[in-house]
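Below is one structure, written out as structure tokens, with a few remarks after it.
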Amino acid sequence: MKPGALERRATRTLVYALLVVVTLWLVGPFIWLFVTSISYQRNLLARPLALVPPEVTLDNYRMVLGLVRFHAEGQAAKILPSMLNSLVVATAVTVVNLVVGTTAGYAYARFRVPLKTFSLFALLFTRMLPTVVLIPAYFLLFKALGLQNTLTGLVLAYCSFTLPFTIWIMKAYFETIPADLDKSALVDGCNRLQAYYRVVLPVSGPGLVAAGAFTFMLCWNEFIVAQILNTKLGMTTLPPVIAGMNAQINIDYSVIAASGFLSALPAVLLVLCFQKYLVQGLTTGSVKG
Amino acid sequence: MISLVVVFPLVYSLWMSFADVNLLRTTGPALDLFGVSIPLFRYVGVQNYVRLLADPLYWDSFWRTAYFVGAFVLETAVVGLGMALVLQERFLGRPVMRSLLLIPWSLSRIVVGLLWIGLLDVEFGALNGLLHRAGLIDSYISFLKSGFSALNVLVSVYMWNQAPFATLLLLAGMQSIPTELYMAAEVDGAGYWQRLRYVTLPALRGILFLVLVVSTVNGFLMLDLIYILTMGGPGNETTTISWLGFQTAFQFFKFGPGTAILYTLTVLCLLLTVVYHKVVFRKLDAEEI
Numbered sequence: 060m061k062p063g064a065l066e067r068r069a070t071r072t073l074v075y076a077l078l079v080v081v082t083l084w085l086v087g088p089f090i091w092l093f094v095t096s097i098s099y100q101r102n103l104l105a106r107p108l109a110l111v112p113p114e115v116t117l118d119n120y121r122m123v124l125g126l127v128r129f130h131a132e133g134q135a136a137k138i139l140p141s142m143l144n145s146l147v148v149a150t151a152v153t154v155v156n157l158v159v160g161t162t163a164g165y166a167y168a169r170f171r172v173p174l175k176t177f178s179l180f181a182l183l184f185t186r187m188l189p190t191v192v193l194i195p196a197y198f199l200l201f202k203a204l205g206l207q208n209t210l211t212g213l214v215l216a217y218c219s220f221t222l223p224f225t226i227w228i229m230k231a232y233f234e235t236i237p238a239d240l241d242k243s244a245l246v247d248g249c250n251r252l253q254a255y256y257r258v259v260l261p262v263s264g265p266g267l268v269a270a271g272a273f274t275f276m277l278c279w280n281e282f283i284v285a286q287i288l289n290t291k292l293g294m295t296t297l298p299p300v301i302a303g304m305n306a307q308i309n310i311d312y313s314v315i316a317a318s319g320f321l322s323a324l325p326a327v328l329l330v331l332c333f334q335k336y337l338v339q340g341l342t343t344g345s346v347k348g
Numbered sequence: 012m013i014s015l016v017v018v019f020p021l022v023y024s025l026w027m028s029f030a031d032v033n034l035l036r037t038t039g040p041a042l043d044l045f046g047v048s049i050p051l052f053r054y055v056g057v058q059n060y061v062r063l064l065a066d067p068l069y070w071d072s073f074w075r076t077a078y079f080v081g082a083f084v085l086e087t088a089v090v091g092l093g094m095a096l097v098l099q100e101r102f103l104g105r106p107v108m109r110s111l112l113l114i115p116w117s118l119s120r121i122v123v124g125l126l127w128i129g130l131l132d133v134e135f136g137a138l139n140g141l142l143h144r145a146g147l148i149d150s151y152i153s154f155l156k157s158g159f160s161a162l163n164v165l166v167s168v169y170m171w172n173q174a175p176f177a178t179l180l181l182l183a184g185m186q187s188i189p190t191e192l193y194m195a196a197e198v199d200g201a202g203y204w205q206r207l208r209y210v211t212l213p214a215l216r217g218i219l220f221l222v223l224v225v226s227t228v229n230g231f232l233m234l235d236l237i238y239i240l241t242m243g244g245p246g247n248e249t250t251t252i253s254w255l256g257f258q259t260a261f262q263f264f265k266f267g268p269g270t271a272i273l274y275t276l277t278v279l280c281l282l283l284t285v286v287y288h289k290v291v292f293r294k295l296d297a298e299e300i
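Here it is in structure tokens:
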């Protein structure tokens, strides 16, 4: 064997070894969450620990979904309704973002907006802003407006946090579309609005998908705001309910793991489906994660 | 319109940081806005800030935050770059690996905390189980029991969640490096490390800086992982400024001092935005991506 070939094989082996390490690091913890969610707590407590669960069960999921009775069913019974709340809120915010955010992004990308640099800076600042500093204000404002513990209030709060992201991503995306495209549409007799939604929007699919999926994921996963503004159990989203279960000592970890896995699944699937567009959109917009 | 939704709460929060906010008192000065009465509370000047700066707890949290952010930024940059270098190599199934990269990042921080509890817990943690099986430890380690170890766990868990995003940005940057540069370097007899040192890293300078700024901001603002993993404890040993502010405002319901604490964070983030803004605009001028 030639010396060069040997060296190349050594490099290959090293690359694949490193890949195994990276893969384990990235997905190992998530897979273990799934394993625990189909195990009995007593097997998790056993020593030595079995990496392949000796007994497989769906009991944890049955408890979480309210199919069997158990001692903490009051808490677990909130999983499905709050999942629905999460879905409603995340969908509403995504729709608002796509309609308002893309239009504003388009305006920033194509027109001379008054105070453009200043308002872009303001936009950037809201993106870097500790959202938690706004929550006391929202708390009191929503109390005065009667929006506390309502999904509308949560949608409103989330829109104010996510719109700057969407505008930023979409502005960056529209800037990659040549302005000549709009111009030729204008020449062909479209007005500005028609040029926007008949010509520019149809070729902006990847950007829209990226912004939409990202917004949905942020809202689906958000915890702090929901935890403070919507304290009533039936009116809140999934993350606060899971955190609440985790704070109770008398609920087995395997049961909480099942609800955690259920809550993780939609976001993970969404991101995996739109992976290509997301990466493209987010790296052009280079946002904070 | 967006600025109204964000700016008004921002100003209102700022006002609260100068006020004696008593949530139980409903009478007193109020601002009437479109028929909605918004309580204004009693103005107390800089009293909240003065007390804050005299509070040793605040300064403890301040230095802890500095450690947390420093360690987090360093780990994120190193691991993010390391993963990017591995994934940049040519191998079978590269697109799949890039999808896997998004899994830790797409999870809610509540789930992230939850699954690391599953790995680190003193009774059923899988990592403990592995180390125990391998004979490296005699009894399970309680990773969250001592303050310093708990703080480092928080750093690493947050890094697990955030480093993949840095990797994505860096991979995008690596793809825009022209291959001719590498070919020329190879002709000149440069080995792997020399190519990394003289070609890859200089080309990634802008993106690396971006990663540093974004992870600094994220580090300052991290709250949800502390909520699920340590609640600022043991004692106050994992209390960062953002947690202190959150705790003061929403667990002790002292909105005045709470918003004052959070405002010190906001000012920090504003400064970082200025830096970020400069980088983004310089980058746009230089590279047009």
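Residue numbers (the working numbering), protein chains in the order written: chain A, 60 to 348; chain B, 12 to 300.
Every residue gets a Cβ at the ideal spot worked out from N, C-alpha and C, and that includes glycine.
CB-CB under 7 Å to residue i, same chain, minus the five flanking residues each way: which ones, in chain order?
{"i": "B/A271", "result": "S28, N59, Y60 and L63"}
{"i": "A/Q339", "result": "P265 and A269"}
{"i": "A/L148", "result": "Reading off the sequence shown, one finds Val at residue 148 of chain A, where the question assumed Leu. Excluding residues within five positions, the ones whose Cβ falls inside 7 Å are L210, L213, V214, Y217, C278 and T296."}
{"i": "A/S313", "result": "T95, S96, S98, Y99, Q100, L103 and N119"}
{"i": "B/L182", "result": "A95, L98 and Q99"}
{"i": "A/Y197", "result": "A216 and L288"}
Once you ignore the five residues that flank residue i on each side, which residues in its own chain have a CB closer than 6 Å to its CB?
{"i": "B/I188", "result": "A214"}
{"i": "A/P298", "result": "F282"}
{"i": "A/N208", "result": "N289, K291 and M294"}
{"i": "B/I300", "result": "Reliability of the predicted coordinates at B/I300 is poor, the pLDDT of 37 falling under 50, and no value is obtained from them."}
{"i": "B/G184", "result": "L215 and I218"}
{"i": "B/D301", "result": "There is no way to answer for residue 301 of chain B, as the model of chain B reaches only from 12 to 300."}
{"i": "A/Y120", "result": "A317"}
{"i": "A/L83", "result": "none"}
Can you give the beta carbon distance from residue i to residue j, rounded, assuming they're within the 8 Å contact cut?
{"i": "B/S226", "j": "B/V84", "result": "5 Å"}
{"i": "B/A348", "j": "B/G91", "result": "The first residue shown for chain B is 12 and the last is 300, placing residue 348 of chain B beyond what the model contains."}
{"i": "B/L273", "j": "A/V192", "result": "4 Å"}
{"i": "B/N172", "j": "B/P115", "result": "5 Å"}
{"i": "A/V81", "j": "B/M94", "result": "6 Å"}
Roughly how many angstroms lie between the CA atoms of residue i and residue j, to the nearest whole one?
{"i": "A/V330", "j": "A/A269", "result": "9 Å"}
{"i": "A/M122", "j": "B/Y69", "result": "43 Å"}
{"i": "B/S167", "j": "B/E86", "result": "8 Å"}
{"i": "B/T259", "j": "B/L232", "result": "15 Å"}
{"i": "B/L282", "j": "B/F266", "result": "24 Å"}
{"i": "A/A64", "j": "B/V107", "result": "28 Å"}
{"i": "B/T241", "j": "A/F129", "result": "28 Å"}
{"i": "A/P140", "j": "B/N163", "result": "36 Å"}
{"i": "B/V210", "j": "A/M229", "result": "32 Å"}
{"i": "B/A195", "j": "A/T342", "result": "28 Å"}
{"i": "A/P189", "j": "B/T190", "result": "40 Å"}
{"i": "B/L142", "j": "A/L78", "result": "22 Å"}
{"i": "A/W91", "j": "A/V111", "result": "10 Å"}
{"i": "B/C280", "j": "B/V22", "result": "16 Å"}
{"i": "A/L315", "j": "A/Y255", "result": "A quick correction: the sequence has Ile, not Leu, at residue 315 of chain A. The straight-line gap from Cα to Cα measures roughly 47 Å."}
{"i": "A/R169", "j": "A/T185", "result": "22 Å"}
{"i": "A/L355", "j": "A/L199", "result": "Absent from the structure is residue 355 of chain A, since the part of chain A shown begins at 60 and ends at 348."}
{"i": "B/T275", "j": "A/L157", "result": "33 Å"}
{"i": "A/T252", "j": "A/V258", "result": "In the sequence as presented, Thr is not what sits at residue 252 of chain A; that position holds Leu. Going by the C-alpha atoms only, they are around 10 Å apart."}
{"i": "B/K146", "j": "A/P107", "result": "A small correction: the amino acid at residue 146 of chain B is Gly; Lys does not occupy that position in the sequence shown. About 10 Å."}
{"i": "B/G56", "j": "B/L212", "result": "50 Å"}
{"i": "B/G202", "j": "A/M187", "result": "40 Å"}
{"i": "A/A238", "j": "A/V327", "result": "35 Å"}
Report all residues from its chain with a CB closer than 8 Å to the CB of residue i; omit the five preceding and five following residues, and keep chain order.
{"i": "B/G129", "result": "F135, G136 and A137"}
{"i": "B/S72", "result": "N247, T250, T251, I252, W254 and L255"}
- Query: In chain order, what residues of the segment 172 to 198 of chain A put their CB closer than 7 Å to some CB of chain B?
  - Reply: F180, A181, L183, F184, T185, M187, L188, P189, V191, V192, L193, P195, A196 and Y197
- Query: At a cut of 8 Å, does the segment 312 to 330 of chain A reach the segment 107 to 122 of chain B through at least three beta carbon pairs?
  - Reply: yes
- Query: What residues from the segment 297 to 313 of chain A come within 9 Å of chain B, judged by C-beta to C-beta, listed N to C?
  - Reply: L297, P298, P299, I301, A302, N305, A306, Y312 and S313
- Task: For the segment 254 to 274 of chain A and the segment 216 to 226 of chain A, state whether three or more C-beta atom pairs, one from each stretch, are separated by less than 8 Å.
- Result: yes
- Item | contact_flag[the segment 325 to 336 of chain A, the segment 149 to 163 of chain B] where n(CB pairs < 8 Å) is 3 or more | no
- What residues in the segment 104 to 137 of chain A have a beta carbon less than 7 Å from any beta carbon of chain B? L104, R106, P107 and L108
- Query: Do the segment 243 to 252 of chain A and the segment 299 to 317 of chain A meet, that is, are 3 or more Cβ pairs less than 8 Å apart?
  - Reply: no
- Under 7 Å (Cβ pairs) to chain A, residues found in the segment 111 to 125 of chain B: L111, L112, L113, I114, P115, W116, S117, L118, S119, R120, I121, V122 and L125
- chain A contacts made by the segment 220 to 233 of chain B, where a contact means CB separation under 8 Å: L221, V225, V228, N229, F231 and L232
- Task: May I ask you to list, following chain order, the residues of the segment 145 to 176 of chain B that have a beta carbon less than 9 Å from some beta carbon of chain A?
- Result: Y151, W171, N172, Q173, P175 and F176
- Message: For the segment 96 to 108 of chain B, list every residue whose C-beta sits within 8 Å of some C-beta in chain A, in sequence order.
- Response: V97, L98, E100, F102 and M108
- Query: Quick one, which residues of the segment 264 to 298 of chain A are near chain B if we go by CB-CB under 9 Å, in chain order?
  - Reply: M276, W279, N280, E281, F282, I283, Q286, I287, L297 and P298
- Message: Which residues of the segment 315 to 331 of chain A have a Cβ closer than 7 Å to any Cβ of chain B? Give them in chain order.
- Response: I315, A316, G319, S322, A323, A326, V327, V330 and L331
- Under 7 Å (Cβ pairs) to chain A, residues found in the segment 21 to 33 of chain B: L21, Y23, S24 and M27
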